[in-house]
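Have a look at the structure below, then the notes.
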Amino acid sequence: MKSLKISMTIILAALAMPSAVAQETHSHQHKSEEAQTAVDEMTTATIRKLDLEYGKITLKHEAIKSLGMPGMTMVFQIEDQTLFDGLSQGDNVRFKVEKKGTALVITAIEKM
Ligand SMILES: [Cu+2]
């Protein structure tokens, strides 16, 4: 029972993080605060490749409910590089993705 309580705390802390990160990013705010549509829903994944220079990340992700996408390995665009500080290939992460035009952009990501 105790372990359940601890993991719930971790999850809550994780959910609180994206907004904290967003507040810290300086003038770089594009339109991050547009309609907070899908509730902060994170998807777990493993980083297969991280290419900051070209603004791309390859993730092997679980199903993304908000997009109706099954689990797969695919490339996402990186809009805010500061989100990826300290992350590297092979890390297990939780992330949030939004559709912007035709691109799928990661708006939050954190190590598990
Ligand atoms: Cu996918």
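Our numbering numbers the first residue of the sequence shown as 450 and each following residue consecutively.
Ideal placement from N, C-alpha and C gives every residue a C-beta, glycine not left out.
- Message: For a test of the three-state rule: what should DSSP assign to GLU511, helix, strand or coil?
- Response: As a working note, residue 511 is residue 62 in the sequence shown. Correct three-state label for GLU511: coil.
- Query: Can you give the Cα-Cα distance for THR493 and GLU559, rounded to whole angstroms?
  - Reply: Taking the first residue of the sequence shown as position 1, residue 493 is located at position 44. Taking the first residue of the sequence shown as position 1, residue 559 is located at position 110. Distance between the alpha carbons of THR493 and GLU559 is about 10 Å.
- Task: Specify the secondary structure class of THR551 as computed by DSSP and reduced to three states.
- Result: By 1-based counting over the sequence shown, the position of residue 551 is 102. It is coil, neither helix nor strand.
- Item | Length of the line joining the Cα atoms of LYS514 and THR556 | By one-based count along the sequence shown, residue 514 stands at place 65. By one-based count along the sequence shown, residue 556 stands at place 107. Rounded to the nearest angstrom, the two C-alpha atoms are 16 Å apart.
- Query: Any chance the CB of MET491 is under 6 Å from a heavy atom of ligand 1?
  - Reply: On the sequence shown, position 42 is the one that residue 491 refers to. MET491 Cβ: outside cutoff for every heavy atom of ligand 1.
- Query: Tell me which same chain residues have a C-beta within less than 7 Å of the C-beta of GLY504, skipping the five on either side of it?
  - Reply: Residue mapping note: residue 504 aligns to position 55 of the sequence shown, counting from 1. Here the set comprises GLN526 and ILE527.
- Message: Just to check my reading of the structure: LYS568 and GLN538 have Cβ atoms closer than 8 Å, yes? What is that Cβ distance to the nearest angstrom?
- Response: No information on residue 568 is available, as it lies outside the stretch 450 to 561 that the chain covers here.
- Item | Extent of the continuous beta strand (DSSP E) to which GLN530 belongs | The residue you call residue 530 lines up with position 81 of the sequence shown. First-last for GLN530: undefined, no H or E at that position.
- Task: Assign LEU501 to one of two classes, buried (16 or more other C-beta atoms within 10 Å of its C-beta) or exposed (fewer than that).
- Result: Along the sequence shown, one-based indexing puts residue 501 at 52. Exposed.
- What is the rounded straight-line gap between the Cα of MET521 and the Cα of THR495? For the purposes of this step, residue 521 is identified with residue 72 of the sequence shown, where counting begins at 1. For the purposes of this step, residue 495 is identified with residue 46 of the sequence shown, where counting begins at 1. Distance between the alpha carbons of MET521 and THR495 is about 11 Å.
- Cβ neighbour criterion (16 or more within 10 Å) applied to ASP534: The sequence position of residue 534 within the sequence shown is 85, counting from 1. Counting Cβ neighbours within 10 Å, ASP534 comes out exposed, since fewer than 16 surround it.
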